[in-house]
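As structure tokens, then:
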């Protein structure tokens, strides 16, 4: 084999590596465009607190939009504190087509446990963060808060009678 063959082989290998890197960059850019801009901002700001990147989706219920942010906190991170911090950041930075009326932050520890928090808008001064039950259905009020759905039927109760005194059996 002559020197020219080695040169052509080297150029081919360099071209393959460069093409691979360009394709990887193109895939990353296309994925970033598909996700909400708030997710990339959260990863930049709070990435050290997440075990995996968060997900965000907005859905419409009636005339209101509910944003659901799923975060995967590291084991040493307080879920309530992280939900409040990330929720406040979302309220301040979400805009455009991702504008929402209510925000639910779901902390998923990837061990099968999810804790849901209703994070109020900063416009509602002093409103506390509220933990939602595991199967609690939600509806949105006009002020942008997530409230539990009211039960449609009342539970029935049967009165229990006390046992009567009877003579002991011999």
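Numbering (our numbering), first residue to last: 4 to 173.
Cβ atoms here follow ideal geometry from the backbone N, Cα and C, with glycine treated the same way.
In this text, all values refer to a predicted model and were calculated from it rather than measured experimentally.
Residue closest to residue i, alpha-carbon to alpha-carbon, out of the options
i, options, result
"residue 81", "63, 65 and 110", "110"
"residue 117", "89, 126, 51 and 83", "83"
"residue 46", "18, 10 and 72", "72"
"residue 52", "104, 79, 107 and 12", "79"
"residue 77", "10, 4, 13 and 112", "112"
For residue j and residue i, the rounded distance between their alpha carbons
i, j, result
"residue 66", "residue 31", "34 Å"
"residue 59", "residue 42", "7 Å"
"residue 16", "residue 75", "40 Å"
"residue 69", "residue 23", "40 Å"
"residue 8", "residue 18", "15 Å"
"residue 114", "residue 54", "12 Å"
"residue 6", "residue 25", "29 Å"
"residue 44", "residue 123", "20 Å"
"residue 29", "residue 21", "12 Å"
"residue 126", "residue 134", "19 Å"
"residue 12", "residue 105", "59 Å"
"residue 14", "residue 4", "16 Å"
"residue 98", "residue 56", "20 Å"
"residue 10", "residue 95", "56 Å"
"residue 27", "residue 92", "30 Å"
Proximity below 8 Å, CB of residue i to CB of residue j
i, j, result
"residue 49", "residue 86", "no"
"residue 194", "residue 64", "Since the first residue of the chain shown is 4 and the last is 173, residue 194 is not available in this structure."
"residue 61", "residue 103", "yes"
One or two residues paired with residue i in a DSSP bridge
i, result
"residue 135", "119"
"residue 53", "76"
"residue 58", "73"
> What are the uninterrupted segments assigned as alpha helix (DSSP H) that are 4 or more residues long and contained completely in the stretch 61 to 111, given in chain order?
Replying inline: 82 to 96
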